[in-house]
Structures are given as C-alpha cells and as structure tokens.
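J.:
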Amino acid sequence: MKERVRAVLVTADDTMLVIRRTKPDIPEYWVLPGGGVEPSDESREAALHREIHEEIAGKADIVRLLHTVESGDERQLFYLARIATWSFEDRTGPEFSAEGRGAYALEQIPLTVEGLDGINLKPEEIAHVLRAALSAGTLALPGR
-9 MKERVRAVLV TADDTMLVIR RTKPDIPEYW VLPGGGVEPS DESREAALHR EIHEEIAGKA
51 DIVRLLHTVE SGDERQLFYL ARIATWSFED RTGPEFSAEG RGAYALEQIP LTVEGLDGIN
111 LKPEEIAHVL RAALSAGTLA LPGR
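As structure tokens, this is what we get:
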C-alpha cells in the first residue's frame, strides 16, 4: 500500500498553509503540504520533514498524528504541526519541474471553519475532520 504524509501546518498567526492546485480542465482545489513516503525515509515523520523541506523550504515541529485516510491502495496520514519559517521560492522536488503537473501556489488561510469553507480542500474527508475539530475546539496546539 502506498503511503503519503501531509501536514496541517499552523503558523504563529494561527493561519494554515495550503497549496492551491491549478490544472488544465480540472476545477481549482487545495491540498496540504506533503507527499509520498520513500523507501529511504527512516520513518513517516522523517518523510514529512523531507516533504515540507522540498515543497516549502520549511522546518516544522510535528505535534501529533491527526487523522488517517485510506482509499483503494493508498493511505494518507495527516499530522498536526507548527511551522515558523518557509519559502515557496526555494522549493525543490520533481512535481515542480515536471511538465503537465499544473501550477502550485502556497497560500495562508485562517485556521477557522470559515477559512476552510472558502477553499476546496482535498481530500474532502480531511476537510470534514478539520471543520469538526475546529468547531469542537480540539485542534488547539499545546501551549496556546
């Protein structure tokens, strides 16, 4: 089963980093930063750190596993994490140079139900999980 790791990256300003995806002939949608776990990764968390560095030149503090989504032969693990620094200009990785992959735009949205309602976050299951956690007040980071 292919595993992917993604992060709900919370900034000091209580915003969340998301990537807006624009592809030809497909409605615009947003995803959380992350990607595939590779055989050379020591752990899922190491894979997430690598992906965050590749995609947004950032360093994150992983707080906890938030949710797991399984679909067909793929498992996505979503982590809650803090992030203080990032740069979309310094990104690396094959997805940014491969033709036909469409555009990637890093955005900050308010970490609120209203913020989530303003975007088409995929997969839908994680959007529902985040809305429920925000409504219940269970998404808080330690020390806040």
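Letter by letter, the sequence shown follows residues -9 to 134 in our numbering. C-beta: ideal position from N, C-alpha, C; glycine also.
1) Please name the residue in Val53, Thr58, Leu101, Gly62 whose C-alpha comes closest to that of Arg72.
2) With 16 as the cutoff for other CB atoms within 10 Å, does Pro29 come out buried or exposed?
3) Skipping 5 residues on each side, what residues in its chain have a beta carbon closer than 7 angstroms to that of Ala37?
4) Per DSSP, which residues does Leu96 bridge with? Please list them.
5) Within its chain, find whatever has a CB closer than 6 angstroms to the CB of Glu41; leave out the 5 residues flanking it on each side and keep chain order.
6) Starting from Ala2 and walking both ways along the beta strand (DSSP E), at which residues does that stretch end?
7) Between which two residues does the alpha helix (DSSP H) carrying Ser125 extend?
8) Do Ala47 and Leu22 come within 8 angstroms of each other at the CB atom, strictly closer than that value?
9) At a Cβ threshold of 8 angstroms, is Pro17 touching chain C?
10) Enumerated in chain order, which unbroken segments of the beta strand (DSSP E) with a length of 3 residues or greater are wholly contained in the region 15 to 70?
11) Hey, could you find the ends of the alpha helix (DSSP H) Leu106 is sitting in?
T.: Quick answer:
1) Per the Cα distances, Val53.
2) Residue burial is scored here from C-beta neighbours: Pro29 has fewer than 16 other C-beta atoms within 10 angstroms and is therefore classed as exposed.
3) Val(-5), Val27, Glu28, Asp31
4) Ile9
5) The residues are Gly24, Gly25.
6) Careful: Ala2 lies outside any beta strand (DSSP E) and carries neither H nor E.
7) Looking at the DSSP string, the run of the alpha helix (DSSP H) that includes Ser125 is 114 to 126.
8) no
9) The structure shown has no chain C; it contains just one protein chain.
10) 16 to 21, 24 to 26, 49 to 61
11) 103 to 107
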